[in-house]
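*Asks:* I am attaching a structure below and will ask some questions about it afterwards.
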Amino acid sequence: MKISIFYYSGAGNTKFVAKKITNSFKKTHNVVSTKIKSNLLESTVDDDFDVLGIGFPIYFRNAPELVGEFLKTLDGKSRKVFFFCTKGLYSGNAIKKIMELSIKQNFIPSRYIEFYMPGTDALLLLAKKGSLLEKFFKSIYSRNIEVKIEKFTSNIVNSNTNIPNKKWYTFLDNLIVKNFEKKWTDQNKKLIPQFYSKKDICIGCMKCVKDCPRNNIFYDQHIQFGLNCDTCFYCIHNCPVEAIQIGDITENTVRYNKVTITT
Ligand SMILES: Cc1cc2nc3c(=O)[nH]c(=O)nc-3n(C[C@H](O)[C@H](O)[C@H](O)COP(=O)(O)O)c2cc1C
Ligand code: SF4
Ligand code: SF4
């Protein structure tokens with residue numbers, strides 16, 4: 002049985018979970034795990050699998066657009082697909098929507114699993130190192146991640162379709178959450194021109210340039226940022242020397258890669 006996992010991860014949470022799921026499957030199956038590339042036209046997908054897994058972070062109560070676009074490039078040929086996602090707080094109907102899309106692509110959706118993770122945006126923008134807010138965000142973690150994953154992967158091949166019901170309070174989302182979300186997004190977008198790398202701290206490793214999902218970071222005498230930014234904050238969380246900042250907003254705030262996840 003060959004299992005192929007494709008995942009998208011902005012700041013690393015979903016990558017973390019994808020690795021754990023892959024390792025869990027490795028004990029009994031032939032499994033490969035691949036990050037979904039931002040330029041779908043340039044990437045070729047190996048169609049040689051029996052079961053597909055798709056992982057993604059929740060962005061604005063949905064799967065990132067790229068994940069839906071990726072799924073649309075595949076033909077399920079009546080094969081099973083499972084889903085996993087990471088979220089800060091609330092995923093709306095994201096899983097339901099992506100499962101319905103998978104049916105359109107001729108897949109048979111089986112199980113799904115969701116994990117609460119530290120909101121990588123909230124940690125970076127709101128939580129100073131050592132603050133109560135940092136403790137609060139860390140306390141939101143899903144506990145026993147490995148145990149849950151073992152249970153999830155144990156019988157994935159034989160499990161039946163398990164599409165969640167539509168959440169009845171979606172209309173409340175649209176009244177309340179959507180408004181808050183728009184403000185948060187607009188605020189994040191305003192931050193884009195303020196991204197910079199501290200010249201005296203940057204060690205020129207080029208990790209940010211290589212990893213930016215939007216190819217928005219380039220080197221011209223020093224690290225520079227364009228305006229084609231998704232505000233995924235990957236670059237800031239993963240710079241090994243914390244050289245990347247957004248104005249003075251992110252001085253001394255928490256970097257995700259320094260957070261220890263208890264499993
Ligand atoms: C642009 C953006 C939008 C987000 N929207 C939501 C959301 O609607 N609901 C939620 O629970 N978490 C939301 N989050 C938090 C992420 O889903 C969470 O941090 C996730 O684990 C990130 O995974 P990643 O590190 O693999 O990108 C959002 C994060 C970002 C950066
Ligand atoms: S990841 Fe950090 S240290 Fe490396 S090039 Fe980018 S800004 Fe410089
Ligand atoms: S520049 Fe923007 S899109 Fe690129 S890694 Fe940084 S936050 Fe993400």
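If you read the sequence shown in the numbering used here, its first letter stands for residue 2, the second for the next number, and so on. For every residue, glycine included, the Cβ atom is placed at its ideal position computed from N, Cα and C.
#1: If you follow the beta strand (DSSP E) that glutamate 115 is part of, which residue opens it and which one closes it?
#2: Using the beta-carbon count (16 or more within 10 Å), is proline 165 buried or exposed?
#3: Does the stretch 171-184 come within contact of the stretch 103-115, defined as at least 3 CB pairs closer than 8 angstroms?
#4: Let's test the definition: count the other Cβ atoms within 10 Å of the Cβ of proline 194 and tell me whether it reaches 16, buried, or not, exposed.
#5: Hey, is aspartate 76 close to ligand 3, as in C-beta under 8 angstroms from one of its heavy atoms?
#6: Report buried or exposed for threonine 74, applying the criterion of at least 16 other Cβ atoms within 10 angstroms of its Cβ.
#7: Can you give the Cα-Cα distance for threonine 261 and valine 255, rounded to whole angstroms?
#8: How would the residue list near ligand 1 read, in chain order, if you kept each one whose beta-carbon is closer than 5 angstroms to any heavy atom?
#9: For isoleucine 109 and threonine 232, I'd like the C-alpha separation in whole angstroms.
#10: Which residues does DSSP pair with threonine 254 in a beta bridge?
#11: For glutamate 56, list the residues DSSP reports as bridge partners.
#12: Check whether the Cβ of proline 214 sits closer than 8 angstroms to any heavy atom of ligand 2, and report yes or no.
#13: With DSSP as the reference, identify every bridge partner of phenylalanine 226, one or two as the case may be.
#14: Is any heavy atom of ligand 2 found at a distance shorter than 8 angstroms from the C-beta of cysteine 206?
#15: Closest by CA to isoleucine 22, which one among Ile224, Asp187, Trp169 and Ile146?
#16: Name the one or two DSSP bridge partners that glutamine 246 has.
#17: Can you tell me whether DSSP reads threonine 261 as helix, strand or coil?
*Replies:* With the given structure in hand:
#1: The residue given as residue 115 occupies position 114 in the sequence shown. Run containing glutamate 115: 109-117, per the beta strand (DSSP E) assignment.
#2: Taking the first residue of the sequence shown as position 1, residue 165 is located at position 164. The residue in question, proline 165, is exposed, as its Cβ has fewer than 16 Cβ neighbours within 10 Å.
#3: no
#4: Position 193 of the sequence shown holds residue 194. The residue is exposed, with fewer than 16 neighbouring Cβ atoms inside 10 Å.
#5: Within the sequence shown, the letter at position 75 stands for residue 76. No - ligand 3 has no heavy atom lying nearer than 8 angstroms to the Cβ of aspartate 76.
#6: In the sequence shown, counting from the first residue as 1, residue 74 sits at position 73. It counts as exposed.
#7: Your numbering for residue 261 matches position 260 in the sequence shown. Your numbering for residue 255 matches position 254 in the sequence shown. Any answer about threonine 261 is weak, because its pLDDT of 49 lies below 50 and its placement is not dependable; what the coordinates show is given next. Rounded to the nearest angstrom, the two C-alpha atoms are 12 angstroms apart.
#8: Ser10, Gly11, Ala12, Gly13, Asn14, Thr15, Pro58, Ile59, Tyr60, Phe61, Arg62, Thr87, Lys88, Gly89, Leu90, Tyr91, Met118, Gly120, Thr121 and Asp122
#9: Residue numbering aside, residue 109 sits at position 108 when the sequence shown is read from its first letter. Residue numbering aside, residue 232 sits at position 231 when the sequence shown is read from its first letter. The alpha-carbon atoms of isoleucine 109 and threonine 232 are separated by roughly 33 angstroms.
#10: Position 253 of the sequence shown holds residue 254. Beta-bridge pairing links threonine 254 to Lys129.
#11: Sequence index remark: in the sequence shown, residue 56 carries index 55 (1-based). A quick correction: the sequence has glycine, not glutamate, at residue 56. Per DSSP, Tyr8 and Phe85.
#12: Residue mapping note: residue 214 aligns to position 213 of the sequence shown, counting from 1. For ligand 2, not one heavy atom lies less than 8 angstroms from the Cβ of proline 214.
#13: Taking the first residue of the sequence shown as position 1, residue 226 is located at position 225. Partner(s): Ile218.
#14: For the purposes of this step, residue 206 is taken as the residue at position 205 of the sequence shown. Correct: cysteine 206 has its Cβ closer than 8 angstroms to ligand 2.
#15: Here residue 22 refers to the residue found at position 21 when the sequence shown is read from its first residue. That would be Ile146, whose Cα lies nearest to the Cα of isoleucine 22.
#16: Taking the first residue of the sequence shown as position 1, residue 246 is located at position 245. DSSP lists Tyr197 as partners of glutamine 246.
#17: Start at 1 with the first residue of the sequence shown, and residue 261 comes out as number 260. Any reading at threonine 261 needs caution, since the residue's pLDDT is 49, under 50, leaving its predicted position unreliable; the model's value is listed next. Threonine 261 falls in the coil class under three-state DSSP.
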